[in-house]
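Chemist: If you count the sequence shown from 1, you need to add 270 to reach the numbering used here.
Think of the CB as a built atom: it goes at the ideal place given N, C-alpha and C, for glycine as much as any other residue.
Please read all numbers here as calculations on a predicted model, not as lab measurements.
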Amino acid sequence: MAHILQTPLGSLLAQISSTQCAVVLVQKLDRGHDRFIEELICAFQIAVLSEELIIIHTAYGLIAYSVGMFLTGVLCIMTENRGMLSNPVSTIHLHTREDRLSEVAKMVVSISAQIFAAVVGGRYVIWMWSTELLNSEMTKEYTSKICQSELQVPMMIGLLVEAVTTFICRIVQHRDDRHTGGVVSVALTGVLCHLAARPLTGGYRNPSLAFGASYSCSGHDNYEFFAVYLAGPILAGYLVGQYGDDIWWHLTGHEVHRRPLVDHRGEPSHYSRLSPRENAQSHHSQPSRHGHHHHNYHLPLQQLSSLT
271 MAHILQTPLG SLLAQISSTQ CAVVLVQKLD RGHDRFIEEL ICAFQIAVLS
321 EELIIIHTAY GLIAYSVGMF LTGVLCIMTE NRGMLSNPVS TIHLHTREDR
371 LSEVAKMVVS ISAQIFAAVV GGRYVIWMWS TELLNSEMTK EYTSKICQSE
421 LQVPMMIGLL VEAVTTFICR IVQHRDDRHT GGVVSVALTG VLCHLAARPL
471 TGGYRNPSLA FGASYSCSGH DNYEFFAVYL AGPILAGYLV GQYGDDIWWH
521 LTGHEVHRRP LVDHRGEPSH YSRLSPRENA QSHHSQPSRH GHHHHNYHLP
571 LQQLSSLT
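1) Do Q418 and S488 count as a contact pair if the criterion is CB distance below 8 Å?
2) Compute the Euclidean distance between the alpha carbons of C291 and G472, then round it to the nearest angstrom.
3) What is the residue span of the alpha helix (DSSP H) that L355 lies within?
4) Beta-carbon separation of A383 and A313 under 8 Å?
5) According to the neighbour-count rule (16 or more other Cβ atoms, all chains shown, within 10 Å of its Cβ), is V379 buried or exposed?
6) Based on the DSSP output, what are the partners of S488 in its beta bridges?
7) Would you mind sorting P477 into buried or exposed? The rule is 16 or more other CB atoms within 10 Å of its CB.
8) Indicate whether F437 and V510 have their beta-carbon atoms separated by less than 8 Å.
9) Please name the residue in G502, V395, F386 and T459 whose C-alpha comes closest to that of V431.
10) Kindly indicate which three-state DSSP category H444 falls into: helix, strand or coil?
11) Return the CA-CA distance between D515 and R475, expressed in angstroms with no decimal places.
12) Mind checking whether V650 and V395 have CB atoms under 8 Å apart?
13) Does the separation of the CB atoms of E309 and S356 fall below 8 Å?
14) Residue range of the alpha helix (DSSP H) that L371 falls in?
15) For P503, report the span of its alpha helix (DSSP H) as first-last.
16) Determine whether the beta carbon atoms of Y508 and I362 lie at a separation below 8 Å.
17) To the nearest angstrom, report how far apart I504 and E494 are at their CA atoms.
18) If we ignore side chains and look at the alpha-carbon of each, how far apart do R592 and L364 end up?
19) Shortest alpha-carbon distance to G391 belongs to which of W519, L345, I311 and Y330?
20) Using a threshold of 8 Å, state whether the C-beta atoms of W519 and H444 are closer than that.
21) What's the gap between the Cα of C346 and the Cα of I316?
22) Roughly how many angstroms lie between the CA atoms of I333 and S372, to the nearest whole one?
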């Protein structure tokens, strides 16, 4: 067992298990500020898994890396569907979609916490693989390499690449599909966008991951970093949150069926603008912005649990 844990795959599985157990433990405690702690753990988890996947790529190749990216994407989407966010783009997207952009202080605290947790997660993986306990020939190159910027194109092109790939991923996710097919399509879109952008910018689409992995790297200045990895994705998240419903209406002729965000207890998430009473009545037909009627469906806790 110890030998398995010393391999990149074993370490990845151990990190998934330990961080998921931490989230469940915090949920069981059910204290007043558990949502904030959950988000910190989730942001830490995604950063750790992203760094572990780099080692997976070095050890096992592109196919294993892509499969790991897909599974990490599924985990991230299911986490977001419970109202726990690890990506500043998701925070902007949801606050815009729910008409809550006025909550500036809340967004700043949430985004700052996500970035902090991601930076800690990235440093944790580097420290862990540099210890004698887990060090191996496959990871010595990873832990000893000099950090170089992944921005391989001019700043404006990089900004455009990050913005467009983020926009594509968020517009697919904007449909709010929480059934298995929707989760798979969003995760697959994320993998394809990442692989397409990786040779150009690294394909982060997540400012917190970019901070954790490459902020201190040589090869770009602060202005370039903030423009490409912060402004580009956040602009895309805002545009999808503001115009996503209209975009889907023009593409398909159908309304986006909005399901209220719920937490692990089946209660409205603090990111949902619906009150508990409104959430209970959300199955009734409501007029849409285009004059039609559509339904908001409450997602049962049992159905959420079945995804895991």
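Modeler: So, to answer that:
1) yes
2) 30 Å
3) That residue, L355, is in no alpha helix (DSSP H); it is neither H nor E in DSSP.
4) In contact: A383 and A313 (Cβ atoms closer than 8 Å).
5) exposed
6) As DSSP reads the structure, S488 sits in a beta bridge with Q418.
7) buried
8) Contact: yes.
9) Closest option to V431, Cα to Cα, is G502.
10) coil
11) 21 Å
12) Beyond the ends of the chain as shown, which are 271 and 578, falls residue 650; an answer cannot be given.
13) The answer is yes: Cβ separation under 8 Å.
14) Neither: L371 is in no alpha helix (DSSP H) and is coded neither H nor E.
15) G502 to T522
16) yes
17) 15 Å
18) The requested residue 592 is not part of the displayed model; the chain covers only 271 to 578.
19) The candidate whose alpha carbon is nearest that of G391 is I311.
20) Going by C-beta atoms, W519 is not nearer than 8 Å to H444.
21) Just so you know, the alpha carbons of C346 and I316 end up roughly 7 Å apart.
22) 43 Å
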